[in-house]
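Reading through the structure tokens given below for one structure.
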Amino acid sequence: MPRERLTKRFAAAADGKKKKSQSKGDMQRNTAGFEYDKSKAKHLKRALHNINVSLGTLLAAMKDLALLRGSDITPDGLLGGRGFIMNYREMKSHLNEAIGNLSDVTDTLADELNNPKWGLSKSEMHAVKKEKEEVLDKVDDAEDVGESIETGKPTEEAEVVEEDAVEAAPDPQIDPEDVVYSAEMEAIDRYKKLLEGDTKDRTASVLSKNILANLSQGE
Numbered sequence: 018m019p020r021e022r023l024t025k026r027f028a029a030a031a032d033g034k035k036k037k038s039q040s041k042g043d044m045q046r047n048t049a050g051f052e053y054d055k056s057k058a059k060h061l062k063r064a065l066h067n068i069n070v071s072l073g074t075l076l077a078a079m080k081d082l083a084l085l086r087g088s089d090i091t092p093d094g095l096l097g098g099r100g101f102i103m104n105y106r107e108m109k110s111h112l113n114e115a116i117g118n119l120s121d122v123t124d125t126l127a128d129e130l131n132n133p134k135w136g137l138s139k140s141e142m143h144a145v146k147k148e149k150e151e152v153l154d155k156v157d158d159a160e161d162v163g164e165s166i167e168t169g170k171p172t173e174e175a176e177v178v179e180e181d182a183v184e185a186a187p188d189p190q191i192d193p194e195d196v197v198y199s200a201e202m203e204a205i206d207r208y209k210k211l212l213e214g215d216t217k218d219r220t221a222s223v224l225s226k227n228i229l230a231n232l233s234q235g236e
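Residue numbering for the sequence shown follows the working numbering, starting at 18 and increasing by one per position.
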């Protein structure tokens, strides 16, 4: 028995479609007399791939939201302006619902392409199976992120991102101008020693004498 997906629970709670989704399993196909055209299957495969890509984009958006608490970005629990205003929690539920719905579409497309009457080769069938597995992985990730959003606890990935941000932050006691100034002073000091002949490098010492000689002639 497949486990109930968190995204489906959110969708059912949001719009009351639970009964409707359960009734889909009772549907029966009638394909008698239909002639399958393999050239049309490529459009189904392309749609499956593009939805898989879309799920990845939605998941990335959910991870961004998982890094934020509502109190960080809204004083009243709402987002938007005069054009359209939405409850922040409702917006996140819509994202969860969209992922759940797209996942259902990919399940349907993958099952359809598994029909041997489409005449797909073994490599094509393997590609379809791989796409479906990737979708399932993304839905699982979305469930983890969705749970972190609902509970207010950041995901492990979010914690790593925050730690990396702290480690990458520059030391506030060091000003970039100080670094540039320090480098300039070091170069001036080296040039001064070169002119004075105060160096152990014999080549540099000879060059310094030539520089001083040229300067004397210029005067």
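All C-beta atoms, glycine included, are put in the ideal place defined by N, C-alpha and C.
Item	Value
Cβ pair D158, L84 closer than 9 angstroms	no
Within 9 angstroms, strictly: CB atoms of L112 and L82	yes
Contained alpha helix (DSSP H) runs [length at least 4] in the segment 120 to 153, N- to C-terminal order	none
Within 9 angstroms, strictly: CB atoms of H66 and E129	no
Delimiting residues of the alpha helix (DSSP H) encompassing G97	G97 -> not in any alpha helix (DSSP H); beta strand (DSSP E) instead, spanning L95 to G97.
In DSSP terms, what M103 is bridged to	L96
Stretch-stretch touch, CB-based, cutoff 8 angstroms, three pairs: the segment 117 to 135 with the segment 39 to 58	yes
Close-in-space but distant-in-sequence residues of the same chain around L126 (CB under 7 angstroms, 5 per side omitted)	L61, A64 and L65
Distance between beta carbons of G94 and Y105, contact taken as under 8 angstroms	6 angstroms
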